[in-house]
Amino acid sequence: MTTACARDDRAAIDKAVSLLACFGEDGLTGVGVSELARRADLSKSTTHRVLAMLERNGVVERVGTDYRLGNRLHEIGRTMYAPGQEELRDRLIPFLAELFAATQETVHLAALYDTDVVYLAKLYGHRQVPSPSRIGHRIPAHCTAVGKALLAYDPDAMQAALAAPLRRYTDRTIVDPVALATELSAIRRLGIAVENGEIQSGLSCVAVPVIGPSGRPVAALSVSGATDRLDVRTHAATLRRVASDAARVLPTRRRQDVRTTPPRVQHALAG
Numbered sequence: 001m002t003t004a005c006a007r008d009d010r011a012a013i014d015k016a017v018s019l020l021a022c023f024g025e026d027g028l029t030g031v032g033v034s035e036l037a038r039r040a041d042l043s044k045s046t047t048h049r050v051l052a053m054l055e056r057n058g059v060v061e062r063v064g065t066d067y068r069l070g071n072r073l074h075e076i077g078r079t080m081y082a083p084g085q086e087e088l089r090d091r092l093i094p095f096l097a098e099l100f101a102a103t104q105e106t107v108h109l110a111a112l113y114d115t116d117v118v119y120l121a122k123l124y125g126h127r128q129v130p131s132p133s134r135i136g137h138r139i140p141a142h143c144t145a146v147g148k149a150l151l152a153y154d155p156d157a158m159q160a161a162l163a164a165p166l167r168r169y170t171d172r173t174i175v176d177p178v179a180l181a182t183e184l185s186a187i188r189r190l191g192i193a194v195e196n197g198e199i200q201s202g203l204s205c206v207a208v209p210v211i212g213p214s215g216r217p218v219a220a221l222s223v224s225g226a227t228d229r230l231d232v233r234t235h236a237a238t239l240r241r242v243a244s245d246a247a248r249v250l251p252t253r254r255r256q257d258v259r260t261t262p263p264r265v266q267h268a269l270a271g
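Listed below in structure tokens is the structure:
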């Protein structure tokens, strides 16, 4: 640990990144300077100085005596979405809203990013359960229902995931490639993916893919909630219906400028 009186030789950029990472779930609401200094293991004077630099650049903004993440950082974050994914999100948001209205549970819209899932949208249910999913965040696909629903219908991504080390998050996480391959095969057969405490204990999720004209998934929709009350059978039926409706709004012709669409999304959207 760095003490207040010890010299901190970290470069300014290291300190700035450390501070930004320390906002955590307080990024939208704000957090005080003393608390940020404690989290980042910086002196309070250094924290003030780095925050002032970040504020001048629009990366953070002041809220009373606290600081929160600024608009410029959110704008930079938007660039992680390829144009195809942003268009996809806009097309499918109404169906996510329909899914929320039917279930009143937390619902997600996600797409594949290599062997991870990236969450494009999330609507919180009335009975929230702590969850690691955040809009714009990436999580390994093998331990989430949305991820397994997508891997099951994408042979290239499935093979890449099975060939890579599978990280364990809980004692229920599938880390054996043979077991994962077996489960993905079952998902293709049943058309539904279920995850019970594989990313976080006590949290369960059920998901289905939204299949593009090419027969590959372009996204997945899911419903999540507490393991002891999530009604998988009822939600599965609702998910299948909404995903089927969502697939009908996907474009059926190949786009002119293929440079603006990620290869996986472009392939799946192409007729």
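Numbering (full-length UniProt numbering), first residue to last: 1 to 271.
A virtual CB, placed ideally from N, CA and C, is assigned to each residue, including glycine.
Quick caveat: nothing in here was measured; it's all calculated off a predicted structure.
CA-CA distance, Thr261 and Leu221?
Here residue 261 is taken as the residue at index 261 of the sequence shown, counted from 1. Here residue 221 is taken as the residue at index 221 of the sequence shown, counted from 1. Caution is warranted here: a pLDDT of 38 is assigned to Thr261, below 50, making its placement in the model unreliable, and the coordinate value is therefore given only provisionally. Looking at the two C-alpha atoms, the distance is approximately 21 Å.
What separation, rounded to the nearest whole angstrom, lies between the Cα atoms of Ser133 and Ala181?
If you number the sequence shown from 1, residue 133 lands on position 133. If you number the sequence shown from 1, residue 181 lands on position 181. Straight-line Cα distance between these residues: approximately 24 Å.
Could you give the distance in angstroms between the alpha-carbon of His137 and the alpha-carbon of Cys22?
For this step, residue 137 is matched to residue 137 along the sequence shown. For this step, residue 22 is matched to residue 22 along the sequence shown. Answer to the nearest angstrom: the Cα atoms are 16 Å apart.
Looking at the structure shown, is Pro132 part of a helix, part of a strand, or coil, going by DSSP?
Within the sequence shown, the letter at position 132 stands for residue 132. In the structure shown, Pro132 sits in coil (DSSP, three-state: anything other than H, G, I, E or B).
Length at least 3, wholly inside the segment 208-256: the beta strand (DSSP E) runs in chain order:
217-226
Quick check on this structure: which residue in Pro177, Phe95, Gly225, Ala160 has the alpha carbon closest to the alpha carbon of Thr106?
By one-based count along the sequence shown, residue 106 stands at place 106. Selected option, being the one with the closest Cα: Gly225.
Distance, Asp14 Cα to Leu250 Cα:
Start at 1 with the first residue of the sequence shown, and residue 250 comes out as number 250. Start at 1 with the first residue of the sequence shown, and residue 14 comes out as number 14. In a straight line, the C-alpha of Leu250 is about 43 Å away from that of Asp14.
Cα separation between Cys143 and Leu184?
Here residue 143 refers to the residue found at position 143 when the sequence shown is read from its first residue. Here residue 184 refers to the residue found at position 184 when the sequence shown is read from its first residue. Roughly 12 Å between the two C-alpha positions.
Between which two residues does the beta strand (DSSP E) carrying Asp171 extend?
The count along the sequence shown starts at 1 and reaches residue 171 at position 171. Note, Asp171: premise wrong, no beta strand (DSSP E); not H, not E.
With distance defined between alpha-carbon atoms, name the residue in Pro155, Ala161, Ala236, Phe100 nearest to Asp116.
Position 116 of the sequence shown holds residue 116. Residue Ala161 is the option with its Cα nearest to Asp116.
Nearest-angstrom Cα distance between Val178 and Arg167?
In the sequence shown, residue 178 corresponds to position 178, counting from 1. In the sequence shown, residue 167 corresponds to position 167, counting from 1. Each residue's Cα considered, the two are about 15 Å apart.
Return the residue from the list Val175, Glu55, Ala236, Ala186 that minimises the CA-CA distance to Glu198.
On the sequence shown, position 198 is the one that residue 198 refers to. Considering only alpha carbons, the answer is Val175.
Which residues mark the beginning and the end of the alpha helix (DSSP H) in which Val17 is found?
Your numbering for residue 17 matches position 17 in the sequence shown. 12-22 is the extent of the alpha helix (DSSP H) around Val17.
Please name the residue, chosen from Ala101, Asp171, Gly202, Tyr113, that lies closest to Leu239 on a Cα-to-Cα basis.
Position 239 of the sequence shown holds residue 239. That would be Ala101, whose Cα lies nearest to the Cα of Leu239.
Among the candidates Pro209, Cys205, His108, Asp66, whose CA atom is the shortest distance from the CA of Val232?
Locating residue 232 in the sequence shown gives position 232, counting from the first residue. The candidate whose alpha carbon is nearest that of Val232 is Cys205.
Take Gly147 and list the residues in its own chain whose beta-carbon comes closer than 6 Å to its own, dropping the five residues that flank it on each side.
Sequence index remark: in the sequence shown, residue 147 carries index 147 (1-based). Counting only Cβ-Cβ distances below 6 Å, and skipping sequence neighbours, we find Val117, Ala141.
Three-state secondary structure (DSSP) of Ile139
Sequence index remark: in the sequence shown, residue 139 carries index 139 (1-based). Ile139: strand per DSSP, three-state reduction.
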